[in-house]
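Engineer: Chains as they are written, first to last, in the working numbering: chain A, 24 to 307; chain B, 4 to 149.
No residue lacks a Cβ here, since even glycine has one placed at the ideal position from N, Cα and C.
This is the structure I want to talk about, given as structure tokens.
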Amino acid sequence: MADGQRDAADKSDPAGGPLPARFADRAALADFLAEAFPEAAARDGRLAGTEGGRAAAEACLAAVDPMAYGRTRNHLDGAVTRLSPYIRHGVLSLAEVRDRALALVDKPGEARKLIFELAWRDYWRRVYAEIGEAGVWTDREPYKTGWAATDYARELPAEIPAGETGLVCIDSFAEELAETGYLHNHARMYVAAYVVHWRRVAWQAGAAWFLLHLLDGDPASNNLSWQWVASTFGSKPYIWNRENLEKYSDGRFCRVCPHYGRCPFEGSYAALAAHLFPYRGAEA
Amino acid sequence: MSGNTLIWAHDDMLGPHQPPFRATPEAPCVVVLDPAVVAARLYGLKRLVFVTECALALPNLRLRKGETVAQVLAVADELGCARVATVTTPCPQLSGFMDALAGRIELERMAPDPFVIPRRKLDLKRFMRFWKKVEDVAFLPTHRQG
Ligand SMILES: Cc1cc2nc3c(=O)[nH]c(=O)nc-3n(C[C@H](O)[C@H](O)[C@H](O)COP(=O)(O)OP(=O)(O)OC[C@H]3O[C@@H](n4cnc5c(N)ncnc54)[C@H](O)[C@@H]3O)c2cc1C
Numbered sequence: 024m025a026d027g028q029r030d031a032a033d034k035s036d037p038a039g040g041p042l043p044a045r046f047a048d049r050a051a052l053a054d055f056l057a058e059a060f061p062e063a064a065a066r067d068g069r070l071a072g073t074e075g076g077r078a079a080a081e082a083c084l085a086a087v088d089p090m091a092y093g094r095t096r097n098h099l100d101g102a103v104t105r106l107s108p109y110i111r112h113g114v115l116s117l118a119e120v121r122d123r124a125l126a127l128v129d130k131p132g133e134a135r136k137l138i139f140e141l142a143w144r145d146y147w148r149r150v151y152a153e154i155g156e157a158g159v160w161t162d163r164e165p166y167k168t169g170w171a172a173t174d175y176a177r178e179l180p181a182e183i184p185a186g187e188t189g190l191v192c193i194d195s196f197a198e199e200l201a202e203t204g205y206l207h208n209h210a211r212m213y214v215a216a217y218v219v220h221w222r223r224v225a226w227q228a229g230a231a232w233f234l235l236h237l238l239d240g241d242p243a244s245n246n247l248s249w250q251w252v253a254s255t256f257g258s259k260p261y262i263w264n265r266e267n268l269e270k271y272s273d274g275r276f277c278r279v280c281p282h283y284g285r286c287p288f289e290g291s292y293a294a295l296a297a298h299l300f301p302y303r304g305a306e307a
Numbered sequence: 004m005s006g007n008t009l010i011w012a013h014d015d016m017l018g019p020h021q022p023p024f025r026a027t028p029e030a031p032c033v034v035v036l037d038p039a040v041v042a043a044r045l046y047g048l049k050r051l052v053f054v055t056e057c058a059l060a061l062p063n064l065r066l067r068k069g070e071t072v073a074q075v076l077a078v079a080d081e082l083g084c085a086r087v088a089t090v091t092t093p094c095p096q097l098s099g100f101m102d103a104l105a106g107r108i109e110l111e112r113m114a115p116d117p118f119v120i121p122r123r124k125l126d127l128k129r130f131m132r133f134w135k136k137v138e139d140v141a142f143l144p145t146h147r148q149g
């Protein structure tokens, strides 16, 4: 930390007061914040590469390609925007992103997929406005898995956030989340389904883990998406299989996974559902 | 007017194009890193750095640490601002700070820029029900909303 900043920090009242509005560089800012907020640094002491602020947000917005997005967004290497931390903190508005997307296409329908996804965020925010903080942490509806809420463990097994399950896909996603503060939407769905349906852990434990790391962490989009995967805010649980992961990752995890061919995600959707939800009645 | 206004930019409005910045571009702004918010939102260091970088890019910034309401009032007092402007949010914690501020100083709560201005009554039971009600307007640029 530069001397000037050190002085300003030392002079500031530990209980509160002015903070410097300029830092020599990112490392100086991080050092300063780690000292000023030791509890936050103890929760997660890593730094992500994504830079905050309007200029960085505009650079990200300039790279948006709505047509490529529409074609490839489900693929883990697809042309997703990575705008979420900027949208989450109001550095960019959903309207601005929509307007930019429309300006880049001949017909509005060519930006359909992107605008549809932006609407998800608007929807979750509106639900949050209605049900509040306690509401987003509470099951909106019963699980549709055949299991009762009490069948789900309250704590996240330590090996999941530590990236030590032995499953290359899940461990890689856990590492990427902690390292970058970001996961592709499909990866979030894979991980959430693994936590809730394969490990039978209450979605709240997984949601809290994500919030600790995601730069876009949001009580509305995060918790309600976890509930959607869990089926407490949706008509059926979301599950996936190895074939689906291989398709959307070009097999990069499976190729090097020692569990290939006998992993917990092996099999048809019907077979996996029968195994994961043995007490659920006949599929509606 | 702007000489008299302090913009309180909270966690959900850390961009320089938010309505209060457009309304009073010369106004000073305050961002408070509040340990209560940091704890409630489970922020770790990487998030705190990101949020602070967003704040540091705002114009005419006063960055503070401490209890939000007390710090906003302290900055308003220091700069002789009789009025605070901010943006509404669904976050109950931040809305609570707004209620507390409103009892102490003139507070203008501006609406955020809407994504859609629905023309029909919304149904929030499921996303697809919501989407059916807003699909027509979602594809209109902002200047054609409303
Ligand atoms: C378990 C789980 C947890 C999630 N937690 C969060 C969260 O805390 N914060 C968050 O912003 N999103 C969350 N999402 C939604 C989605 O995964 C992210 O918004 C998206 O992956 C962000 O990456 P992007 O900006 O590259 O998205 P893009 O695909 O490029 O989408 C553009 C923008 O649209 C919005 N968006 C896209 N998909 C969704 C969606 N399904 N729900 C809500 N908004 C969407 C985001 O603002 C995003 O930045 C979660 C999804 C799941 C399944």
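Output needed for A/Phe300: all residues of its chain with C-beta closer than 6 Å, excluding positions within five of it in sequence on either side, in chain order.
Structural biologist: Thr168, Gly169
Engineer: Identify whether B/Glu29 lies in helix, strand or coil by the three-state DSSP scheme.
Structural biologist: coil
Engineer: State the DSSP-derived secondary structure class of B/Ile2, mapped to helix, strand or coil.
Structural biologist: Within the shown structure, residues of chain B are numbered from 4 to 149, placing residue 2 of chain B beyond reach of any answer.
Engineer: Hey, A/Tyr302 and A/Ile262 are a contact pair by Cβ (cut 8 Å); roughly how many whole angstroms apart?
Structural biologist: In this structure, A/Tyr302 and A/Ile262 do not form a Cβ contact; the two beta carbons are roughly 15 Å apart against a cut-off of 8 Å.
Engineer: Roughly how many angstroms lie between the CA atoms of B/Thr3 and A/Phe55, to the nearest whole one?
Structural biologist: Chain B is shown from 4 up to 149; residue 3 of chain B falls before or after that span and cannot be answered.
Engineer: Since B/Thr89 is in the beta strand (DSSP E), which residue starts that stretch and which ends it?
Structural biologist: 86-90
Engineer: So, are the CB atoms of B/Thr71 and B/Ala39 less than 9 Å apart?
Structural biologist: yes
Engineer: Interface residues of chain A around B/Glu70 at Cβ under 8 Å?
Structural biologist: Gly39
Engineer: Apply the 10 Å Cβ neighbour rule to A/Ser258 and answer buried if 16 or more other Cβ atoms are within range, or exposed otherwise.
Structural biologist: With fewer than 16 neighbouring CB atoms inside 10 Å of its own CB, A/Ser258 falls in the exposed class.
Engineer: Can you find the residues in the same chain that come closer than 8 Å, C-beta to C-beta, to A/Glu199, ignoring five residues on each side of it along the sequence?
Structural biologist: Leaving aside the five residues that flank A/Glu199 on each side, the residues in its chain whose CB is nearer than 8 Å to its CB run, in chain order, Tyr205, Leu206, Ala210.
Engineer: Give the interface partners of B/Leu104 over in chain A, defined as CB-CB distance under 8 Å, in chain order.
Structural biologist: Result: empty, since nearest Cβ-Cβ is about 16 Å, beyond 8 Å.
Engineer: What separation, rounded to the nearest whole angstrom, lies between the Cα atoms of A/Asp145 and B/Trp134?
Structural biologist: 10 Å
Engineer: Go to A/Lys270, then tell me how far its beta strand (DSSP E) extends in each direction, as first and last residue.
Structural biologist: Looking at the DSSP string, A/Lys270 is not in any beta strand (DSSP E); the run it does join, the alpha helix (DSSP H), is 265-272.
Engineer: In three-state DSSP terms, what is B/Lys68?
Structural biologist: strand
Engineer: For A/Pro287, which of helix, strand or coil comes out of DSSP?
Structural biologist: coil
Engineer: Could you round the C-beta distance between A/Arg222 and A/Pro180 to whole angstroms and report it? I think they count as a contact, below 8 Å.
Structural biologist: 6 Å
Engineer: Considering only DSSP beta bridges, list what B/Arg112 is partnered with.
Structural biologist: B/Thr89
Engineer: Tell whether a beta-carbon distance below 9 Å holds between A/Glu178 and A/Val224.
Structural biologist: yes
Engineer: Within the continuous beta strand (DSSP E) that includes A/Leu247, where are the two ends?
Structural biologist: Where A/Leu247 is concerned, there is no enclosing beta strand (DSSP E), although the alpha helix (DSSP H) it sits in stretches over 242-253.
Engineer: Would you tell me roughly how many angstroms separate the C-alpha atoms of B/Arg112 and A/Ala47, rounded to the nearest one?
Structural biologist: 35 Å
Engineer: Near A/Tyr271, what residues of its chain come up, given a Cβ to Cβ distance below 7 Å and the 5 sequence neighbours on each side ignored?
Structural biologist: Asn97, His98, Leu99, His209
Engineer: Just confirm the distance between the C-beta atoms of B/Arg65 and B/Val33, as a whole number of angstroms; I'd bet it's less than 8 Å.
Structural biologist: 5 Å
Engineer: Taking 9 Å as the CB-CB cut-off, is A/Phe46 touching chain B?
Structural biologist: yes
Engineer: Using DSSP's beta-bridge definition, name the partner residues of A/Leu42.
Structural biologist: B/Leu66
Engineer: Would you be able to state if there are at least three C-beta pairs under 8 Å between the segment 71-91 of chain A and the segment 54-68 of chain B?
Structural biologist: yes
Engineer: For the alpha helix (DSSP H) that A/Asp54 lies in, which residues bound it at each end?
Structural biologist: 49-59
Engineer: Run down chain B in chain order and give the residues with a C-beta less than 9 Å from the C-beta of A/Phe60.
Structural biologist: Leu36, Pro38, Val41, Tyr46, Leu48, Leu51, Lys68
Engineer: DSSP puts A/Ala176 in a beta bridge; with which residues?
Structural biologist: A/Ala176 is bridged to A/Val224.
Engineer: With distances taken Cα to Cα, identify the nearest neighbour of B/Gln74 among B/Asp37, B/Leu127, B/Leu48, B/Asp126.
Structural biologist: Nearest in C-alpha terms to B/Gln74, of all of B/Asp37, B/Leu127, B/Leu48, B/Asp126, is B/Asp37.
Engineer: Measuring CB to CB, does A/Gly186 end up less than 9 Å from A/Asp174?
Structural biologist: Result no, Cβ atoms of A/Gly186 and A/Asp174 do not sit closer than 9 Å.
Engineer: Per DSSP, which residues does B/Val78 bridge with? Please list them.
Structural biologist: None; B/Val78 has no bridge partner.
Engineer: Leaving out five residues on either side along the sequence, give the residues of the same chain with a beta carbon under 7 Å from the beta carbon of B/Asn7.
Structural biologist: Apart from the 5 residues on each side of it in sequence, B/Asn7 sits with its Cβ closer than 7 Å to the Cβ of Cys84, Ala85, Arg86 in its chain, given in chain order.
Engineer: For A/Gly39, is the classification buried or exposed, using 16 other Cβ atoms within 10 angstroms of its Cβ as the cut-off for buried?
Structural biologist: buried
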